[in-house]
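Before any comments, here is the structure.
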Amino acid sequence: MKKLIQLFLAVIIFLSQEAFGQQDFNLHSHNDYLRNVPFWEAFGAGAASIEVDVILNNGELMAAHESASIRNEHTLTSLYLEPIQNARELGMIEKFEFHLLIDCKTEAYTTLDQVVKDASEFESFLFSSENPDGLKLIISGNRPKPEDYKNYPEWILFDFQSKVLTSDLPWEKIGMVSLSFRQFSVWNGKGRIVETEKAKLEEFISLVHSFERPVRFWASPDSKSAWKTFFEMGIDFINTDTPGLAQSYLSTIEKNVYQNPLRNEVYTPGFEQDGKEVPVKNIILMIGDGNGLAQISSGLFANNGQLNLTQLKNIGLIKTQAADDFTTDSAAGATAYATGQKANNRALGLNPAGDSLANLPDILDLYGFSSGIITTDQVTGATPSAFYAHHSERDDSDEIASWLPKSKLDLFVGGGREHFLDKVDEMEASGFTLLKNMNEISNSGAARIGYFASEGSLPSFQNGRGDFLSKSAIQSAQFLLDKKTPFFLMIESGMIDSGGHANSTSMIVTEMLDFDRAIGEMILFADQNPGTLLIITADHETGGVSIPQGDVRSGEVELAFHSDDHTGIMVPLFAYGAHSEDFKGVYENTEVFNKIMSIVKRYASFNRE
Ligand SMILES: [Zn+2]
43 MKKLIQLFLA VIIFLSQEAF GQQDFNLHSH NDYLRNVPFW EAFGAGAASI EVDVILNNGE
103 LMAAHESASI RNEHTLTSLY LEPIQNAREL GMIEKFEFHL LIDCKTEAYT TLDQVVKDAS
163 EFESFLFSSE NPDGLKLIIS GNRPKPEDYK NYPEWILFDF QSKVLTSDLP WEKIGMVSLS
223 FRQFSVWNGK GRIVETEKAK LEEFISLVHS FERPVRFWAS PDSKSAWKTF FEMGIDFINT
283 DTPGLAQSYL STIEKNVYQN PLRNEVYTPG FEQDGKEVPV KNIILMIGDG NGLAQISSGL
343 FANNGQLNLT QLKNIGLIKT QAADDFTTDS AAGATAYATG QKANNRALGL NPAGDSLANL
403 PDILDLYGFS SGIITTDQVT GATPSAFYAH HSERDDSDEI ASWLPKSKLD LFVGGGREHF
463 LDKVDEMEAS GFTLLKNMNE ISNSGAARIG YFASEGSLPS FQNGRGDFLS KSAIQSAQFL
523 LDKKTPFFLM IESGMIDSGG HANSTSMIVT EMLDFDRAIG EMILFADQNP GTLLIITADH
583 ETGGVSIPQG DVRSGEVELA FHSDDHTGIM VPLFAYGAHS EDFKGVYENT EVFNKIMSIV
643 KRYASFNRE
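Our numbering applies: residue 43 is where the sequence shown begins, and numbers increase by one.
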């Protein structure tokens, strides 16, 4: 146990370092004095360089670009030096991780003399050899001649602006090198910069770095694509007018980008019965929780552009809205598939009036089908329990568990044994044999079986769930097949949704690819067992995910998230095998049930024989 706790702590520390690690990008808050909240917004966003224009006006340094825009209360002291002193006194700054870039708009020598005079009032926190963590002021705009740089205090440095850099410059007084981006490139920050312009910029960056100084470009594009490109190019100060947005984008980029180190071999389907109007004996419904088109695409591109799923030809789009809400949850979503009725969010197997609805295992029992459910979630999770329970609150796990012994299920596999501890006798009385090992499923020979893979939740794929989903799918399909009756099997991959809620690209990709391995096994099963209809869909999308960038060859994707919750966008449905053509089109989630039932009814007499 102690070891487990140590491991747990190590993981927590590792994760928090990942999440809150030192930001390795530096932002330059361009024309900061024009913000609604000068200094504080940039300081809050962790900007490393904060720019203020100053005009010397009647012996005062006004924070303004030109005389016409002077506001009497906005001075270098009131907008910057005093707030910085406040932040110091409030304990917000122990050492300075930013400098002020002061852009002198009036005559160089007189303006700078006033800067030195005003800033000297705050000498206690200014940089010096005794105070190496103090504030530095880097002077830009109208500057003295380089040979005069040495005449200013230690805390005054200069912004050098030239393409020609030589070793005889007064480098000890040069704080950074800046040039207009437009001297190198006309890029507008959308899409990507052309390689020749990028090369010119990189050559200049290397030249500045050879003098061990940081580089900044002004008049540069200010967009997500630009920030990312500049970060990757090693520009030391990324110029922005929106430091808060740039910070939130660049600080999450590591989490949003994932390069998949593993590759799934894909199985090539035989297509022999695909779409044919032949009798359907077995129906396998696979639900990727939260598995929208972007999630599927992220798995596809992270696997070098190939999936088992995306080889299938009969495709539909599903409208997922709940009875009482535009955006569905998994309870209403799964109830629509299980019963053919729209339900309220949070409700399982109930119509909006609160009446119990017959579900597919109940109804198919009348047609001689056996039924099973598999999930990477707990057995009482919303998706699996819509196939056996009737309750208004999806999180009431103990109440939901009490429905399982009364259900028509012949098999269940998933996590969450803890909700069934006081129901073992009742389960056994209703004919369930509870297995200790997943490998016992296929040849257990029992009438009804259940297998709990964990007490509570199963781990994610990244945290060691292994091939649970594929293996339990193969074992369960074999168990149901051996009953020599038609069967219905629902297989849920539950944690693609968790990746969406957590805005975790790596979790979405790894869970989606785990789901796809199980899909490959079920396509193979369908090929080996004619009369199988395989339906693969989702209950809803999670995370409002899009894919701004990626690399199919290296298996890297960058996801962007508009939400940490479900969204109302349509989700894809793929069908394979007997009668899969019936699932083409755009329709409500409840239609999946209706299509299944019309196929079952058509072959009712066939399956009875
Ligand atoms: Zn969810």
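Where a beta carbon is used, it is the ideal one built from N, C-alpha and C, also for glycine.
Cut-off 7 angstroms between Cβ atoms - residues of its own chain near residue 632, not counting five sequence neighbours on either side:
Excluding residues within five positions, the ones whose Cβ falls inside 7 angstroms are 378, 382, 383 and 384.
Any idea if residue 368 is buried or exposed, counting beta-carbon neighbours within 10 angstroms, 16 or more meaning buried?
Only exposed fits residue 368, as fewer than 16 other CB atoms lie within 10 angstroms of its CB.
Among 487, 403 and 93, the one whose alpha carbon lies nearest that of residue 426
If we check each option's Cα against that of residue 426, 403 comes out closest.
How about residue 11: is its Cβ closer than 7 angstroms to a heavy atom in ligand 1?
Residue 11 falls outside the range modelled here, since the chain spans only 43 to 651, and no answer is possible.
Could you check the C-alpha separation between residue 176 and residue 603 for me, to the nearest Å?
Going by the C-alpha atoms only, they are around 39 angstroms apart.
Once DSSP output is grouped into helix, strand and coil, what is the label at residue 93?
In the structure shown, residue 93 adopts extended strand secondary structure according to DSSP, grouped into three states.
For a test of the three-state rule: what should DSSP assign to residue 75, helix, strand or coil?
For residue 75, the three-state secondary structure derived from DSSP is helix.
What would DSSP say about residue 524, mapped onto helix, strand or coil?
Shown here, residue 524 sits in coil according to DSSP, grouped into three states, outside any helix or strand.
Using a strict less-than 6 angstroms threshold between each residue's beta carbon and the heavy atoms of ligand 1, what residues do you get?
One residue list follows from the rule of a beta carbon closer than 6 angstroms to any heavy atom of ligand 1, given in chain order as 332, 372, 539, 543, 584 and 608.
How is residue 382 classed by DSSP in three states: helix, strand or coil?
Residue 382 falls in the coil class under three-state DSSP.
Put residue 191 into one of helix, strand or coil per three-state DSSP.
Helix, per DSSP.
So, under 8 angstroms CB-CB, residue 344 and residue 300 are touching, yes? Tell me the CB distance rounded to an integer number of Å.
About 7 angstroms separates the Cβ atoms of residue 344 and residue 300, confirming a contact at the 8 angstroms cut-off.
Helix, strand or coil for residue 628? Go by DSSP, reduced to three states.
Residue state, collapsed to three classes: strand.
Once DSSP output is grouped into helix, strand and coil, what is the label at residue 107?
Of the three classes helix, strand and coil, the one that applies to residue 107 here is coil, per DSSP.
Whole-angstrom C-beta distance between residue 376 and residue 431, which should lie under 8 angstroms:
Actually they do not touch by this definition, with Cβ atoms about 10 angstroms apart.
State buried or exposed for residue 472, treating a residue as buried only when at least 16 other CB atoms are found within 10 Å of its CB.
Flag for residue 472 reads exposed.
If we ignore side chains and look at the alpha-carbon of each, how far apart do residue 282 and residue 180 end up?
Residue 282 and residue 180 have their C-alpha atoms roughly 18 angstroms apart.
Pick from 110, 486, 125 and 105 that is closest to residue 116, judged by C-alpha positions
Minimum Cα distance to residue 116 is reached at 105.
Can you grab the Cα-Cα spacing for the pair residue 149 / residue 185, in whole Å?
Near 8 angstroms, if we compare the C-alpha coordinates of residue 185 and residue 149.
Are three or more beta carbon pairs between the segment 555-566 and the segment 313-328 nearer than 8 angstroms?
Proximity of the segment 555-566 to the segment 313-328 meets the contact definition, three or more beta-carbon pairs being nearer than 8 angstroms.
Residue 536 by DSSP, collapsed to three states: which one?
Residue 536 falls in the coil class under three-state DSSP.
Which full runs of the alpha helix (DSSP H) of 4+ residues lie inside the segment 460-489, going along the chain?
Complete alpha helix (DSSP H) runs here, min 4: 466-471.
Nearest neighbour of residue 363, chosen from 586, 494, 535 and 630 [CA to CA]
When only C-alpha atoms are compared, the closest one is 630.
Helix, strand or coil at residue 641 [DSSP, three-state]:
In this structure, residue 641 counts as helix in the three-state DSSP scheme.
Rounded separation between residue 544 and residue 502 - CA only:
The alpha-carbon of residue 544 is positioned some 12 angstroms away from that of residue 502.
Using beta-carbon positions only, say whether residue 35 and residue 518 come within less than 8 angstroms of one another.
Missing from the structure shown is residue 35; the chain here goes from 43 to 651 and no further.
Would residue 479 count as contacting chain B if we go by Cβ distances under 8 angstroms?
Absent from the structure: chain B. Only one protein chain is present.
Could I get the ranges of all uninterrupted beta strand (DSSP E) runs contained in the segment 256-308, with 3 residues as the minimum, in chain order?
257-260, 280-282 and 299-301, all fully within the segment 256-308.
Comparing C-alpha positions only, which one of 84, 619, 464 and 66 sits nearest to residue 353?
Closest by alpha carbon: 619.
Alpha-carbon spacing of residue 422 relative to residue 309, whole angstroms:
Distance between the alpha carbons of residue 422 and residue 309: 32 angstroms.
Measure the beta-carbon distance from residue 388 to residue 436 and round it to whole angstroms, keeping in mind my assumption that it falls under 8 angstroms.
In this structure residue 388 is in contact with residue 436, their Cβ atoms being roughly 5 angstroms apart against a cut-off of 8 angstroms.
For residue 142, which option in 232, 84, 441 and 275 has the closest C-alpha, if you only look at C-alpha atoms?
For residue 142, the nearest C-alpha among the options comes from 84.
Please say whether residue 560 and residue 515 have beta carbons closer to each other than 8 angstroms?
Their beta carbons are under 8 angstroms apart, which means residue 515 touches residue 560 by this criterion.
Quick check: the Cα distance between residue 200 and residue 220, rounded to an integer number of angstroms?
Rounded to whole angstroms, the gap between the alpha carbons of residue 200 and residue 220 is 10 angstroms.
Name the residue from 439, 129, 203 and 214 whose alpha carbon lies nearest to the alpha carbon of residue 223.
Cα-wise, what sits closest to residue 223 is 203.
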